[in-house]
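Asks: If you read the protein sequences in the order shown, they are chains D and L.
One point on numbering: in our numbering, the residue at position 87 of the first sequence is 87, and numbering is uninterrupted.
Throughout, our numbering is defined as the position within the second sequence, counted from one, plus 292.
Where a beta carbon is used, it is the ideal one built from N, C-alpha and C, also for glycine.
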Amino acid sequence: MEVSINGARILATFENVPIFGTVQITQTLAVAWLVMLIISALCIWLGSNLKVTGISRKQAVAEMIYTSLVNFVRGNMGPEFDRYIPLVGTIFVTSIISNLISLLGIWSPTADLMTELAWGLVVFVLITYHKIKASGIGGYLKGFLEPIFILLPINIMSECFTPVSMACRHFGNILSGTVISTLIYAALTAANSALFHVLGSNLYVGIVVAIAGGALIVLGRKRKKKLPFIVGIIAAVLGVLGVITTLGATFPWLTIGIPAIPSLYFDWFGGCIQAFIFCTLTTLFIKQAAGD
Amino acid sequence: MDTLYQSLVTVNPVTLIAQICNLFIQLLIVKIFFLDKIKAIIDQRREAADKQITEAETAKSEALAIKQTYEQNMQEAKAKADDLLMTAQRTANSRSEEIIAQAQQQAAQIKSKAAADIALEKKKAINEAKNEISDLAMAIAGKVVARELNAGDQADMIDRFIDELGDNV
Chain D
1 MEVSINGARI LATFENVPIF GTVQITQTLA VAWLVMLIIS ALCIWLGSNL KVTGISRKQA
61 VAEMIYTSLV NFVRGNMGPE FDRYIPLVGT IFVTSIISNL ISLLGIWSPT ADLMTELAWG
121 LVVFVLITYH KIKASGIGGY LKGFLEPIFI LLPINIMSEC FTPVSMACRH FGNILSGTVI
181 STLIYAALTA ANSALFHVLG SNLYVGIVVA IAGGALIVLG RKRKKKLPFI VGIIAAVLGV
241 LGVITTLGAT FPWLTIGIPA IPSLYFDWFG GCIQAFIFCT LTTLFIKQAA GD
Chain L
293 MDTLYQSLVT VNPVTLIAQI CNLFIQLLIV KIFFLDKIKA IIDQRREAAD KQITEAETAK
353 SEALAIKQTY EQNMQEAKAK ADDLLMTAQR TANSRSEEII AQAQQQAAQI KSKAAADIAL
413 EKKKAINEAK NEISDLAMAI AGKVVARELN AGDQADMIDR FIDELGDNV
């Protein structure tokens, strides 16, 4: 069986657009706009109906989000960088929603390097701005010659790779999650077809497995042992599914539920952690660039 | 129509530029519709809380002032009462002393008057006794003179005299 892992789907192609030439509208952009819509709706919902006294639960949550964001930025950068609160917050929420939207089976915009590179470039511009502001344009350029002028190319590279490394770290993690999810899904589909090729071959095979499973459940309950009980449940369910398959309803049963377990790590945990890391690096790099 | 895919890692300038624009649009939306509003409401709440605290502090200091005035008044009243009591006591003391002195004086007066009366009475009694005695002497003398010749009568007369004396005394 073949598994193909592709990038974003190209939804529309416009030829001969001025300046750009050929413009491809990809899934990345479409989903990014969907994510923007979701975030905007959330913002408008959370930001409406605010009261000074007798606040609602919704407002309490909104204030908690705001306070944690402010604490995060101030904790990493200090109070003089309050104007970066919106940027950090926006990158964080966009990243998290983009990462988690893959749970709904939708292409994740962060699985496209261009998304992270866009954020990384914005951060890079800010870093450079603060470096120049801190030591002047001369001091900034002179910094490339330190500690000795031979290191100039390495210094230039290290400067340019800051946004690239930030982008690639985030992108790589999300992409690997997508790839692993795809592989697990494919593997489960293959296992499914192999398993039900046997179980569904004959009506009696399914019935026997189901009955054996039922017997194991009863045994496990009587002896109060967990292992036969669990094995019994699995066997019974597989047996019943085998019978259903024999009767004509074919479906990749194994792909239900099971992929959710690795996705707990790769999508939920990985997605949240990468959003957090990206924002932490953003704040730290800008703070570092501005000097102490 | 075939479904077209990008390869896994592609540099697509249009997507890049669009994503940068998206980031800034999103930033504006988040800022205007969420952060600014929440910030404003939190500031308002803080202001209200500050105001309430200030008000509470003002009320507290006012209450303290009132308490102080009250305590001062109480102290003053107490001093006044003490003063009144002291004055009353002093007045009572002096008055009682006065009364006692008066009483003593009166008693002395009465005593001296009584003594004078007694002395007067005594004098009067003595005088009366003297008069009686002299009358008696006179009478005895008269009797003695009248009966001298008769010796028999003398004893008789003496008996009578004693009898009469007994009657008079």
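Which residues share a DSSP beta bridge with D:A293?
Replies: What is shown of chain D runs 1 to 292, which leaves residue 293 of chain D out entirely.
Asks: Span of the alpha helix (DSSP H) holding D:R83?
Replies: Under the DSSP assignment, D:R83 falls outside any alpha helix (DSSP H); it carries neither an H nor an E label.
Asks: For a contact meaning CB atoms closer than 7 Å, what does L:R337 contact in chain D?
Replies: V52
Asks: Against chain D, does L:Q360 count as a neighbour if the rule is that its beta carbon must be under 9 Å from one of theirs?
Replies: Chain D contact via Cβ: absent.
Asks: Is D:V3 helix, strand or coil when you go by DSSP?
Replies: coil
Asks: How many whole angstroms separate the CB atoms of D:C272 and D:I132, which I take to be in contact at a CB cut-off of 8 Å?
Replies: No, D:C272 and D:I132 are not in contact; Cβ-Cβ is about 34 Å, not under 8 Å.
Asks: Taking only the alpha-carbon atoms, compute the straight-line gap between L:S388 and L:K416 and give it to the nearest angstrom.
Replies: Each residue's alpha carbon lies about 40 Å from the other.
Asks: How do the stretch 147-160 of chain D and the stretch 104-114 of chain D stand: do at least 3 beta-carbon pairs fall below 8 Å, yes or no?
Replies: Not touching, per the Cβ criterion.
Asks: Can you name the start and end residues of the alpha helix (DSSP H) that D:I58 belongs to?
Replies: Per the sequence shown, residue 58 of chain D should be read as Lys rather than Ile. Run containing D:K58: R57 to M77, per the alpha helix (DSSP H) assignment.
Asks: What are the residues that DSSP puts in a beta bridge with L:Y297?
Replies: According to DSSP, L:Y297 bridges with D:R9.
Asks: Which of helix, strand or coil does DSSP assign to L:V303?
Replies: coil
Asks: Could you give the residue range of the alpha helix (DSSP H) that holds D:P262?
Replies: Here the alpha helix (DSSP H) through D:P262 covers A260 to S263.
Asks: Could you tell me whether the Cβ atoms of D:V205 and D:A235 are closer together than 9 Å?
Replies: no
Asks: For D:V17, does the three-state DSSP call read helix, strand or coil?
Replies: strand
Asks: What are the boundary residues of the alpha helix (DSSP H) that D:W107 is part of?
Replies: Segment: none, D:W107 is in no alpha helix (DSSP H) and carries neither H nor E.
Asks: What is the residue span of the alpha helix (DSSP H) that D:I116 lies within?
Replies: Looking at the sequence provided, one finds Glu at residue 116 of chain D rather than Ile. Its alpha helix (DSSP H) spans residues L113 to K142.
Asks: Among residues of its own chain, excluding the 5 on either side of D:L281, which ones have a beta-carbon nearer than 6 Å to its beta-carbon?
Replies: If we look at D:L281 and ignore the five residues flanking it on each side, its Cβ neighbours are M166.
Asks: May I have the straight-line CA-CA distance separating D:M157 from D:R74, to the nearest angstrom?
Replies: 30 Å
Asks: Taking D:I256 as part of the alpha helix (DSSP H), name the residues at either end of that continuous run.
Replies: Unbroken run through D:I256: none, as it is neither H nor E.
Asks: Do you know how far the Cα of D:A212 is from the Cα of D:P228?
Replies: 11 Å
Asks: Check for me: the alpha helix (DSSP H) holding D:S181 runs from which residue to which?
Replies: L152 to L199
Asks: Put D:P228 into one of helix, strand or coil per three-state DSSP.
Replies: helix
Asks: If you run the structure through DSSP and keep just helix, strand and coil, what is D:V205?
Replies: helix
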